[in-house]
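**Student:** Let me begin by handing over the structure; questions about it come next.
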Amino acid sequence: MWLALALLAACGCPDDELPLAVIGVASSLEVCAEVADTEEERRQGLMGHAPLGPGEGMYFDFPVEQEICFYNAGVDFSIDILFADTDGTVVAIERRVPAGDDALRCHGATKQALEVAAGALDDYAIGDALRVR
Numbered sequence: 017m018w019l020a021l022a023l024l025a026a027c028g029c030p031d032d033e034l035p036l037a038v039i040g041v042a043s044s045l046e047v048c049a050e051v052a053d054t055e056e057e058r059r060q061g062l063m064g065h066a067p068l069g070p071g072e073g074m075y076f077d078f079p080v081e082q083e084i085c086f087y088n089a090g091v092d093f094s095i096d097i098l099f100a101d102t103d104g105t106v107v108a109i110e111r112r113v114p115a116g117d118d119a120l121r122c123h124g125a126t127k128q129a130l131e132v133a134a135g136a137l138d139d140y141a142i143g144d145a146l147r148v149r
């Protein structure tokens, strides 16, 4: 428990109402992410949220692996979206989704997703591993 709290404090997590988790991608990216773990929180996502800073994001864990769709309507900043399966294997990455873009970006075999500031996923690829701590 203390280690988890220390990790959250060390990553500069924002003081927010949503639960927080440290998310790792491959071996080099760590993101302090707000966890959208209810249907309403997943539906709301980043709409109306302040822009994400370096090392910040929003993590989504869906009840079952399925096709998942995201859009960026109602969000005032560009984002990258990572889609991962049940095992945490990255199955798709949408890069630099423009602010306010309402086009759906759908990917199958998705159980988890991570939204981060645009450009944060430039060095990552399909097949990389997503880890939740």
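So the sequence shown is numbered by our numbering: it starts at 17 and just counts up by one.
C-beta: ideal position from N, C-alpha, C; glycine also.
In whole angstroms, give me the CA-to-CA distance for Glu72 and Ala119.
**Tutor:** 23 angstroms
**Student:** What does the alpha-carbon distance come out to for the pair Glu131 and Ala125?
**Tutor:** Their backbone Cα atoms lie some 17 angstroms apart in a straight line.
**Student:** Measure the alpha-carbon distance for Tyr87 versus Arg121 and round it to whole angstroms.
**Tutor:** Here the alpha carbons of Arg121 and Tyr87 stand approximately 6 angstroms from one another.
**Student:** Just grab the DSSP bridge partners of Phe86 for me.
**Tutor:** According to DSSP, Phe86 bridges with Arg121.
**Student:** Closer than 7 angstroms by C-beta to Leu137: which residues in its own chain qualify, once you throw out the five before and the five after it? Chain order, please.
**Tutor:** Correct list, in chain order: Asp96, Leu98, Ile109 and Arg111.
**Student:** Does the beta-carbon of Glu83 have 16 or more other beta-carbons within 10 angstroms, so that it is buried, or is it exposed?
**Tutor:** exposed
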